[in-house]
Amino acid sequence: MAAIVGDGDSVTARSIDAPQATVVSNAAITATTGNNERLQFLDISLPRRDEHGTMPPILPDLARSVGCLIIVQAERSSRPPATPASMYVIGTAGHVDHGKSTLVKALTGIDPDRLEEEQRREMTIDLGFAWLRLPGGRQISIIDVPGHERFIKNMLAGIGGIDAALLVIAADESVMPQTIEHLAILDLLEVTHGLVALTKIDLVDEEWLALVRDEVRDRLRGTSFATAPIVAVSARTGQGIDDLLRTLDTTLDHVPSRADARGRARLSIDRSFAISGFGTVVTGTLSDGPLRVGDEVEILPHGMRARVRGLQTHQTRVDEARPGSRVAVNLAGVAHQAIRRGDALVIPGYIQPTTVIDARLRVVASAPHVIEQNDRLELFVGAAETPCRVTLLDCEKLAPGEMGWVQLRLDRPVVTLRGDRYILRQPSPGCTIGGGRVMDAHPARHRRFRPEVIRMLEALARGTPADLVQMALADDMPHPWSGIVQTSGLNDSLAREGLAALLETQQALVLAFRQPGTFHPGLDPAKSGDAEAPEPGTLISGTGWRMLRERMVAVLRQYHARYPLRRGMPREELRSRLNLANEALDDVLAYASTHGDVQSEGAFVRLPEHEARPTAEQQRQIQQALDLLRTAPYGPPAPDLDTELLGWLVERGVVTRVTPDVVFLNSAYEEMVSWVCDQIRDGGSVTVARFRDRFGNSRKYALALLEHLDERRITRRSGDVRIRY
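Quick note on the numbering used here: the sequence shown kicks off at 44 and runs consecutively.
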């Protein structure tokens with residue numbers, strides 16, 4: 044007999060040829076041998092979960108702990124074990140008391156009704172969770188939802204992130220009101236994969252079962268479940284359970300796995316609680332990217348920071364959780380009371396909460412009335428819910444069965460991305476009104492009936508990653524990569540894929556890459572999916588760069604024509620003329636300089652061919668002015684030069700202008716400054732009179748020079764003397 048140790052969900056079977064085991068079916072443990080054979084031990088009793096869905100500790104010998112270890116049957120299988128990449132989330136749906144929780148327990152051996160009240164009332168109130176390994180080796184998580192209409196909000200909190208659905212219909216009652224509403228919700232959420240379980244078949248005869256099967260098929264017609272397989276089962280007798288598992292396995296053959304998503308982790312939190320000795324734990328379905336122990340995370344919309352202390356999938360500790368799996372995250376640095384259902388755990392800087400959403404809305408055919416402008420409804424997206432107002436963008440009203448573009452104005456911020464599916468419900472009397480997909484999670488406020496807005500939304504609806512990145516660059520201005528990712532609604536991996544396609548056709552340019560101390564002009568971001576590749580920094584459309592370059596060259600050419608003696612155009616003036624952000628200007632000038640379009644010299648920018656050179660006549664005027672300054676170097680007359688010529692001399696260090704009408708030769712200026720510094724060093728101070736007597740000039744020149752030194756913070760006035768600053 045094998046000795047069993049573990050926590051009741053991740054169980055180890057210790058025997059000669061079965062080193063590993065996990066719970067996979069009704070009160071069963073499956074062990075994998077070294078040659079990939081599987082031994083299945085049936086009728087293993089497992090302890091009940093506590094109110095948080097957590098299994099209590101078990102002594103090393105399960106037989107001593109629970110007093111039961113009975114191996115009734117052992118069967119070998121050559122199926123390979125499941126890999127971490129093949130994880131799926133299945134959600135139940137269906138009317139109250141149609142046997143959803145009982146069926147989940149029959150499939151997994153886990154009772155999803157974790158709350159004491161659920162046990163007492165024998166009715167699911169909140170979300171329940173279970174898991175198993177299918178015959179084909181896939182690991183699946185099951186989210187069991189309440190069927191009662193009073194708890195529809197709890198149902199919606201768990202159903203949004205599923206890969207497939209298990210619609211449960213009792214054979215003795217057939218289709219009921221919540222069957223219809225749950226089916227409508229699955230249809231609105233575009234859950235196209237799943238199957239129907241006709242339960243309680245032990246209570247009906249074959250003729251009745253055939254009638255119910257026909258009725259269900261008719262009800263499914265025209266929905267996303269129109270072709271879903273229907274499997275008849277009895278959780279009480281076990282009839283049809285194996286067929287249901289095989290059918291579910293076959294159904295998932297057609298469902299893409301999310302495990303290889305390379306974006307940034309996002310987890311919509313559906314539970315938050317504390318475990319003594321561990322602290323805060325949150326659970327949810329992971330999407331978009333992997334999550335690792337040690338990662339810094341942010342809880343939105345509150346903006347709280349925390350660190351991932353530990354991770355569990357199916358109550359097995361893991362160092363990395365993969366997208367598409369149910370995850371429990373142990374957090375350090377945040378109290379569980381501060382986190383509520385609907386909050387999002389994300390990588391910092393990845394997403395910003397929003398209070399405005401652009402979306403495609405489909406109104407269910409059974410809706411009790413039309414949707415009108417500014418109607419107040421309830422939005423459900425991920426595990427979050429919030430009241431909202433509806434702006435109809437392309438119509439006056441939306442009747443049952445119709446579709447239209449809407450902007451939803453939310454009472455509270457939520458975390459969502461383009462492509463997320465949502466549901467709208469009428470608050471009272473409660474019923475599902477419609478739903479669809481988020482098209483833009485951070486739009487501007489739109490005016491109604493604007494053709495350009497509708498065109499943009501329609502493009503988003505049919506857009507590829509390249510289309511969406513191109514739309515994010517559509518204003519032909521430089522944008523940071525983080526802004527492109529957010530505006531496009533794509534994850535980082537898909538956004539890079541779209542960018543690579545645009546680079547191949549020169550529809551986009553990367554002006555700079557964000558890698559400390561390094562600029563990589565011409566580096567191909569198509570290869571930037573590599574871990575060592577730098578992240579794109581500033582991007583612009585191909586058309587936008589050509590237009591910006593032409594504007595920049597034209598602005599500089601005009602400036603040089605107007606001020607031919609100036610070194611170049613001040614950077615700040617150029618930035619203002621081009622309407623660029625400071626960081627964008629740096630990247631634009633770096634890229635343009637690399638390609639020989641401009642030359643950036645400190646605070647000035649010029650065209651490469653520009654050279655500040657006076658004409659022959661200007662050279663004659665300059666020489667006359669310098670000769671005049673030399674006649675009285677410490678009290679010179681004001682030079683008869685225009686502002687540009689005088690500025691040219693100042694820029695080249697030939698003269699120093701201390702006031703608008705006092706200009707010194709640089710040699711005389713440096714001599715006077717040196718004398719003042721020496722006097723203060725040796726005597727502690729200097730007076731205007733002493734300066735005037737030393738250089739034989741008037742008070743006008745002495746005072747002008749000393750006030751100039753005060754401005755430069757070389758000297759400081761103290762009464763009637765100047766001292767060291």
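All C-beta atoms in this analysis are idealised placements derived from N, C-alpha and C, irrespective of residue type, glycine included.
Do Leu-241 and Ile-212 have their C-beta atoms closer together than 8 Å? Going by C-beta atoms, Leu-241 is nearer than 8 Å to Ile-212.
State the start and end residues of the unbroken beta strand (DSSP E) segment that holds Gln-601. Judged by DSSP secondary structure, Gln-601 falls outside any beta strand (DSSP E) and instead within the alpha helix (DSSP H) spanning 585-605.
Start and end residues, alpha helix (DSSP H) containing Val-259: Counting along the chain, the alpha helix (DSSP H) containing Val-259 begins and ends at 249-263.
Through-space distance from Ala-509 to Val-693, alpha-carbon basis: Distance between the alpha carbons of Val-693 and Ala-509 is about 52 Å.
In whole angstroms, what separates the C-alpha of Ala-427 from that of Ser-315? The alpha-carbon atoms of Ala-427 and Ser-315 are separated by roughly 13 Å.
Name the two residues that bound the continuous beta strand (DSSP E) containing Gln-812. Shown here, the chain extends from 44 to 768; a query on residue 812 therefore has no answer.
Exposure of Asp-629, with buried meaning 16 or more beta-carbon neighbours within 10 Å: Under this definition Asp-629 is a buried residue.
Quick check on Cys-438: does DSSP put it in helix, strand or coil? Secondary structure at Cys-438: coil, using DSSP grouped into helix, strand and coil.
Would you list the one or two residues that DSSP bridges to Ile-185? As DSSP reads the structure, Ile-185 sits in a beta bridge with Ile-133, Ala-173.
Rounded straight-line distance, which links the Cα of Leu-503 to that of Leu-252: Looking at the two C-alpha atoms, the distance is approximately 45 Å.
Please report the residue range of the beta strand (DSSP E) in which Phe-556 lies. Element bounds for Phe-556: 551-557.
Between Arg-464, Gln-450, Gly-473, Leu-175, which lies nearest to Pro-486 when the distance is taken from Cα to Cα? Relative to Pro-486, the option among Arg-464, Gln-450, Gly-473, Leu-175 whose CA is nearest is Gln-450.
Indicate whether Leu-582 and Leu-537 have their beta-carbon atoms separated by less than 8 Å. The answer is no: Cβ separation not under 8 Å.
For Thr-581, the residue or residues it bridges with in DSSP: In the DSSP secondary-structure assignment, Thr-581 is bridged to Pro-523, Ala-555.
Determine whether the beta carbon atoms of Ile-244 and Val-218 lie at a separation below 8 Å. Their beta carbons are not under 8 Å apart, which means Ile-244 does not touch Val-218 by this criterion.
Close-in-space but distant-in-sequence residues of the same chain around Leu-422 (CB under 7 Å, 5 per side omitted): Result list for Leu-422: Glu-428, Thr-429, Cys-431, Leu-451, Leu-453, Tyr-465, Leu-467, in chain order.
Need the endpoints of the beta strand (DSSP E) that Arg-24 sits in, please. In the structure displayed, the chain extends from 44 to 768; residue 24 sits before or after that span and is not available.
Check the C-beta distance from Ala-551 over to Gly-585 and give it rounded, since I have them as a contact under 8 Å. Confirmed, Cβ separation roughly 6 Å.
Nearest candidate by alpha-carbon position, reference Ala-597, set Arg-620, Leu-669, Trp-718: Selected option, being the one with the closest Cα: Arg-620.
Residues near Ser-409 by beta carbon distance below 6 Å, same chain, minus five either side: None.
Which partner residues of Gln-450 appear in the DSSP bridge assignment? DSSP lists Asp-401, Thr-434 as the beta-bridge partner residues of Gln-450.
Bounding residues of the alpha helix (DSSP H) (the contiguous stretch that carries Leu-671): Bounds of the alpha helix (DSSP H) holding Leu-671 are 659-674.
I'd like the span of the alpha helix (DSSP H) that includes Gln-221, first residue to last. Per DSSP, Gln-221 belongs to the alpha helix (DSSP H) from 220-231.
Relative to the C-alpha of Glu-495, which candidate in Leu-511, Gln-549, Leu-436, Val-458 has its C-alpha closest? By alpha-carbon distance to Glu-495, the top candidate from Leu-511, Gln-549, Leu-436, Val-458 is Leu-436.
What are the start and end residues of each continuous alpha helix (DSSP H) run of 4 or more residues lying completely inside the region 281-317, in chain order? DSSP runs (the alpha helix (DSSP H)) wholly in the region 281-317: 284-295.
Terminal residues of the continuous beta strand (DSSP E) containing Arg-360? 359-361 is the span of the beta strand (DSSP E), which, as asked, contains Arg-360.
Using a Cβ-Cβ distance under 8 Å, would Ala-240 count as near chain C? In the displayed structure, chain C is absent; only one protein chain is listed.
Would the region 227-234 count as touching the region 182-202 if we require 3 or more Cβ pairs under 8 Å? Yes: at least three Cβ pairs fall under 8 Å.
Using 8 Å as the cut-off, can you tell me whether the region 306-314 makes contact with the region 383-399, which would need three or more C-beta pairs spanning the two stretches below that distance? The answer is yes - the region 383-399 touches the region 306-314, with three or more Cβ pairs under 8 Å.
Just the Cα atoms here: how many angstroms apart are Val-274 and Arg-369? The straight-line gap from Cα to Cα measures roughly 26 Å.
So is His-236 buried or exposed if we call it buried at 16+ other beta carbons inside 10 Å? Burial state of His-236 is buried, judged by a 10 Å Cβ sphere holding 16 or more other Cβ atoms.
Which residues in the same chain have their Cβ closer than 7 Å to the Cβ of Gly-696, if we skip the five residues on either side of it in sequence? So the qualifying residues of the chain are Asn-709.
CA-to-CA distance, His-379 to Thr-459, given in whole angstroms: Spanning the two alpha carbons is a distance of roughly 22 Å.
Pro-472 burial status per 10 Å Cβ neighbour count (16 or more: buried): Pro-472 sits exposed, since fewer than 16 C-beta atoms from the chains shown fall within 10 Å of its C-beta.
How would you call His-638, buried or exposed, if buried means at least 16 neighbouring beta carbons within 10 angstroms? So His-638 counts as exposed.
Which of the three DSSP states, helix, strand or coil, is assigned to Glu-165? In the three-state reduction of the DSSP assignment, Glu-165 falls in the coil class.
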